[in-house]
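Have a look at the structure below before the remarks.
There are 2 protein chains.
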Amino acid sequence: MDITTLLKQRTSITKFDPTQSLTDAEIRELIACAIEAPSSYNLQHWRFIAITKPDDKQRLMQVANGQVKVTEAPVTFIVLGDLRAIEKLPNIWGRLVQTGAVDQNFADSRIEAAHRFYGTNEQLIRDEAIRSASLAAMTLMIAAQAKGWVSGPMIGFDPEGIKREFGISDRYVPVMLLPVGYVAPGNLPRKPRLGVDEVLAFDRSREF
Amino acid sequence: MDITTLLKQRTSITKFDPTQSLTDAEIRELIACAIEAPSSYNLQHWRFIAITKPDDKQRLMQVANGQVKVTEAPVTFIVLGDLRAIEKLPNIWGRLVQTGAVDQNFADSRIEAAHRFYGTNEQLIRDEAIRSASLAAMTLMIAAQAKGWVSGPMIGFDPEGIKREFGISDRYVPVMLLPVGYVAPGNLPRKPRLGVDEVLAFDRSREF
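Chains as they are written, first to last, in our numbering: chain A, 2 to 209; chain B, 2 to 209.
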């Protein structure tokens, strides 16, 4: 299918077929696509917990405003952003040096630049954790659509409850819940968007 | 091309061919794809300013840490998130009622739910503006890739400078600069990511 058609057919699903599942290999392949999203300084703030077991799905539903889609979808990803992603940079760039992709001086300069850029600016660090995790989540949704699956991104959940129930430490911010699976009947049709020229300006700003 | 291949080939470009341009129709088509990203309550926080004129590109470069790619790419989108997106909901849902897609009671209930959810929680409102604009930006990058163009998302800019230079009011948060165009020689190769099992856990959290 043409990618433009695919993007325009993707819609947020609430009714998943509870009789169909995804294999662990299929779940890994979705993540393999998601992590190809762009990443500031290759920090890769995104982390994913795949919730697939019935008991865990029930616990997830309790902290997701009782929304049953997390129990009916074969997998729901808890998409996290790592607020301390910068600590991984020596590891990440060290591997690039080892493979000869970059030299040590270049790696050091990028790591220093990342520290200068983010510093201790907590708003910027949180913004980027959300931005990066969202870029990965969107990539995951498009990959799922291409494979004939559907997704239904959710922000209606209790972040502290999610962290408590699944033992997620404060270094991670829950950015989204992302059920993925097979479509069932009963979904609402796609909702039209504002027109292109209602959200796009050329060269000058305006009140949109 | 297979979508998975396309996702894995996309990479962030710094060297754009300054001799090639995009038409306004091509720019609009990219936005037509971007706005198909999922949207909380159909709020559509994303807004875009397409910077295409030489003088504007120079001004943009001044507030983007002097990065020349915004002058060499035929278009750079200033991707904004609307912190007051909720004010558009009666308009957005009113149109759905007019077309018969939903009835007035349903529309009213969704608008009320959105107000209950976001309230005056400024962190949540900012988070969602960034999340939504990022989902749209990722969709735009994938659409561009599918059309044979390239992109190079940037967060290295002065948000207040961008707002000042382009007359952007405080209701909008600059989320990203997104140059799009044709690739030129001299780009760095793609950088490998952490492995799937370094960022994915099944059913239980862990320190990643």
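By construction, the Cβ of each residue, glycine as well, lies at the ideal position given by its N, Cα and C atoms.
In the structure shown, Met2/A adopts coil according to DSSP, grouped into three states.
The three-state secondary structure of Tyr173/B, taken from DSSP, is strand.
Along the segment 49-66 of chain A, going in chain order, the ones with a CB nearer than 8 angstroms to a CB of chain B are Phe49, Ile50, Ala51, Ile52, Thr53, Lys54 and Asp57. Taking a Cβ-Cβ threshold of 8 angstroms, the residues of chain A close to Leu7/B are Ile4, in chain order. Contact between Phe17/A and Pro180/A is confirmed by a C-beta separation of about 6 angstroms, below the 8 angstroms threshold. By the rule that beta-carbons nearer than 8 angstroms mark a contact, Trp150/B does not touch chain A.
Within a 10 Å sphere around the beta-carbon of Pro190/B sit fewer than 16 other beta-carbons, which makes this residue exposed. Nearest to Thr77/A by alpha-carbon distance, out of Ile156/A, Ala102/A, Thr6/A and Gly196/A, is Ile156/A.
CA-to-CA, the gap between Asn106/A and Asn43/A works out to about 16 angstroms. Look at Ser41/A: its C-beta is under 8 angstroms from a C-beta on chain B. Within chain A, the residues placing a beta-carbon under 9 angstroms from that of Val176/B are Asp128 and Arg132, ordered along the chain. With a contact defined as Cβ atoms closer than 8 angstroms, Ile32/B and Leu201/A qualify at about 5 angstroms. In the same chain as Val151/B, and ignoring 5 residues on each side of it, the C-beta atoms closer than 6 angstroms to its own belong to Ile14 and Val184, in chain order. If the five residues before and after Asp159/B are omitted, its C-beta is found closer than 7 angstroms to the C-beta atoms of Val64, all from its own chain and listed in chain order. Taken in chain order, the unbroken stretches of alpha helix (DSSP H) that lie wholly in the segment 51-112 of chain A and span 4 residues or more are 55-63, 70-73 and 90-99. Excluding sequence positions up to five before and after Leu7/A, its CB lies within less than 8 angstroms of the CB of Ile143, Gln146 and Ala147, all in the same chain and listed in chain order.
Between Met139/B and Ala26/A, the C-beta gap is not smaller than 8 angstroms, which leaves the two residues out of contact.
Each residue's CA atom was taken as its position, placing Thr12/A and Glu88/A some 36 angstroms apart. For Leu201/A, the enclosing beta strand (DSSP E) stretches over residues Leu201 to Phe203. With its beta carbon at least 8 angstroms from every one in chain B, Gly182/A lies outside the interface. In the three-state DSSP reduction, Arg48/A falls in the strand class (E or B).
For Gln59/B, the CB contacts under 7 angstroms within the same chain, skipping 5 residues up- and downstream, are Thr72 in chain order. In the three-state DSSP reduction, Gly182/A falls in the strand class (E or B). Of the candidates Gln10/A, Ile169/A, Arg207/A and Ala74/A, the residue whose Cα lies closest to the Cα of Pro55/A is Ala74/A. For Ile169/A and Glu199/B, the gap between their C-alpha atoms comes out near 16 angstroms. Contact check for Ile50/A against Ile79/A passes: the beta carbons are separated by less than 8 angstroms. In terms of beta-carbon proximity, Pro154/B lines the interface with chain A, with at least one pair separated by less than 8 angstroms. Taking C-beta separations shorter than 6 angstroms and ignoring five residues to either side along the sequence, the partners of Gly162/A in its chain run Val64, following chain order. The distance from the Cβ of Phe209/B to that of Asp109/A is about 24 angstroms, inconsistent with a contact at the 8 angstroms cut-off. Distance check between Arg165/A and each of Leu61/A, Thr53/A and Gly187/A places Leu61/A closest, using alpha-carbon atoms only.
Interface flag for Thr121/A against chain B is unset, since no Cβ pair is found closer than 8 angstroms. With respect to the 8 angstroms criterion, Ser206/A and Phe118/B are not classified as neighbours on the basis of their beta carbons. In the three-state scheme derived from DSSP, where H, G and I count as helix and E and B as strand, Ser22/B is classed as coil. The beta-carbon of Pro91/A is placed no less than 8 angstroms from the nearest beta-carbon of chain B.
Counting only residues of its own chain and dropping the five nearest sequence neighbours on each side, Leu125/B has a CB closer than 7 angstroms to the CB of Tyr119. Counting along the chain, the unbroken alpha helix (DSSP H) around Arg165/A starts and ends at Pro160 to Glu166.
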